[in-house]
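Remarks on the structure that follows.
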Amino acid sequence: MKHEWSPEALWIMALHETTGIGWQSIHTLMRIVWHKGIPFDELFRIPEQTWLALGAQVKLAKAAGNIRLEEARERLGRLRQRGIEPMSYFDEAYPTLMKESAKPPWMLYTIGRRELLKDFSIAIVGTRSPTAYGRVVCERIAGALAENGVCLVSGMARGIDGYSHREALRRGGATIAVLGAGVDVAYPPEHNHLHREIAEQGLIVSESPPGTRPSPGLFPLRNRIIAGLSRGVLIVEAAEKSGSLITGDYALDCGRDVFAVPGPVTSPKSLGTLQLIKNGAKPCADANDILEEYTHLFVPSTPRAAKKEVHEKLTKEERKIYVILEQGDASIDELQRKTSWDFGLLHSVLLSLVIKSQVKSLSGAVYAWIGEPVR
1 MKHEWSPEAL WIMALHETTG IGWQSIHTLM RIVWHKGIPF DELFRIPEQT
51 WLALGAQVKL AKAAGNIRLE EARERLGRLR QRGIEPMSYF DEAYPTLMKE
101 SAKPPWMLYT IGRRELLKDF SIAIVGTRSP TAYGRVVCER IAGALAENGV
151 CLVSGMARGI DGYSHREALR RGGATIAVLG AGVDVAYPPE HNHLHREIAE
201 QGLIVSESPP GTRPSPGLFP LRNRIIAGLS RGVLIVEAAE KSGSLITGDY
251 ALDCGRDVFA VPGPVTSPKS LGTLQLIKNG AKPCADANDI LEEYTHLFVP
301 STPRAAKKEV HEKLTKEERK IYVILEQGDA SIDELQRKTS WDFGLLHSVL
351 LSLVIKSQVK SLSGAVYAWI GEPVR
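Read the sequence shown against UniProt numbering and you will find it ends at 375, with the numbers running on by one and no gaps.
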């Protein structure tokens, strides 16, 4: 069920989507709210002149004074109809790790499985044009982490990012893609299919309002979220001035671990990672180099291989139902809305899953995933 949004969350979303209002502007207004003890349910009723009197600059006062509660509610409704679930800093589901980072986003927009934000996560980033060595190492480490129950976070860019996302999905694992554009914008264009796969089986996250086109200034902001959502960041291959190193810097600022894959000293794509290791990053040759750092926080799971086996025996349509029902029981109306299928196809897929002992029909046309192996 969708939870009811609080006034402060709606107010933050409306401000966040106002042209020219950024993180610092909202922070300034929130400091006024907290310092003056303004009740959150009064925020939509404060006019521009009052904001000016409270110390807000003209631009901020005008923006805050022109926000309307009903317009914000309508905007939230339109986003949800498109399968986009916004999350404010005040949301109970807002990731604790993200709150501990520098400049946590006031808003996050999501498509997919929000419960993954509670999973133990490691980020994997690197060059957009990896060597054959970089790709092999990336897929080997990403696959092993995914099979051990680690959620893989990356930026859905070309190269290392894309390989890590795909390997997580291929192994039946979890992955979160943080975009430097709106959650509804597949970028780069060749990752359109990957975008759909992650939306169905993983989670897509962005700080930018839906519809925002990618631009160079958004990628460093994306990198801070990648670091903020993760316990540690692995940099697979990076040139001396690679943007991936920015993610490593954000990770250090957040107090997170930084891992780097040692590479050939003759390879330009390894100069950045070798420098990271010189500066104190932990060398990483395989997944165990990461897992061993978190034995006090995380117990690797063993069912990933079995889950992968079940997953591979399902058709594409059955896997889509699998992903939906894995999150909880759902009525046939909910399933039809989430799949956008006609009733005939949906009924056929559900019947097949019932026969395979994967789905059980409950009273009230509700279906539950019972998760027994496919025979």
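Idealized CB from N, CA, C, for every residue including glycine.
- In the DSSP assignment, K360 falls within the unbroken beta strand (DSSP E) covering 359-362.
- Buried is the label assigned to Q201, since at least 16 other Cβ atoms lie within 10 Å of its Cβ.
- L276 is positioned such that its CB atom lies closer than 9 Å to that of A260.
- In this structure, Y94 is the residue among Y94, R171, R256 with its C-alpha nearest to the C-alpha of Y109.
- A direct Cα-to-Cα measurement between N223 and D249 gives close to 9 Å.
- Nearest neighbour of P104 by Cα position, chosen from G65, F90, V349, A123, turns out to be F90.
- Shown here, C151 sits in a strand according to DSSP, grouped into three states.
- Rounded to the nearest angstrom, the gap between the Cα atoms of G155 and L218 is 12 Å.
- Non-local beta-carbon contacts of K282 in its own chain, meaning distances under 6 Å to residues more than five positions away in sequence, involve F259 in chain order.
- For L108, the enclosing beta strand (DSSP E) covers residues 107-112.
- By DSSP's assignment, A123 forms a beta bridge with V153, V233.
- Pairwise C-beta distances place the stretch 187-205 out of contact with the stretch 232-239, as fewer than three of them are shorter than 8 Å.
- By the Cβ neighbour-count rule, K269 is buried, with 16 or more other Cβ atoms within 10 Å of its own.
- Per DSSP, V349 is one residue of the alpha helix (DSSP H) stretching across 343-355.
- Look at the stretch 264-326 and you find these whole runs of alpha helix (DSSP H), each 4 residues long or longer: 271-278, 287-291, 304-312, 316-326.
- DSSP, reduced to helix, strand and coil, places I67 outside both helices and strands of the structure shown, so it counts as coil.
- For the alpha helix (DSSP H) assignment, the uninterrupted runs of no fewer than 4 residues enclosed by the stretch 173-241 are, from N- to C-terminal side, 192-201, 218-228.
- Between A368 and S230, the beta carbon gap of about 32 Å keeps them out of contact (Cβ cut-off 8 Å).
- From the listed residues W341, S340, I332, the smallest Cα separation to K360 is found for I332.
- Here Y163 has P130, R135, C138, E139, A142 as same chain residues with Cβ atoms under 8 Å from its own Cβ, once five neighbours each way along the sequence are excluded.
- Look at E85 here: in three-state DSSP terms it is strand.
- Where W369 is concerned, there is no enclosing alpha helix (DSSP H), although the beta strand (DSSP E) around it starts and stops at 366-369.
- A Cβ-Cβ separation of about 6 Å places L79 in contact with P86 under the 8 Å criterion.
- In this structure I26 is buried. Its beta-carbon is surrounded by 16 or more other beta-carbon atoms within 10 angstroms.
- Residue range 257-260 is occupied by the beta strand (DSSP E) that includes D257.
- In the three-state DSSP reduction, A53 falls in the helix class (H, G or I).
- Take L353, set aside five residues on each side of it, and the residues of its chain with a beta-carbon closer than 7 Å to its own are E318, I321, V359, in chain order.
- In chain order, F343, L346 place their CB closer than 7 Å to the CB of Q336, counting only its own chain and leaving out the 5 sequence neighbours on each side.
- Contact annotation: A199 and D286 have beta-carbon atoms that are not nearer than 9 Å.
- With the rule of 3 Cβ pairs closer than 8 Å, the stretch 176-186 counts as touching the stretch 209-217.
- For E100, the number of other beta carbons within 10 angstroms of its own is below 16, and it is reported as exposed.
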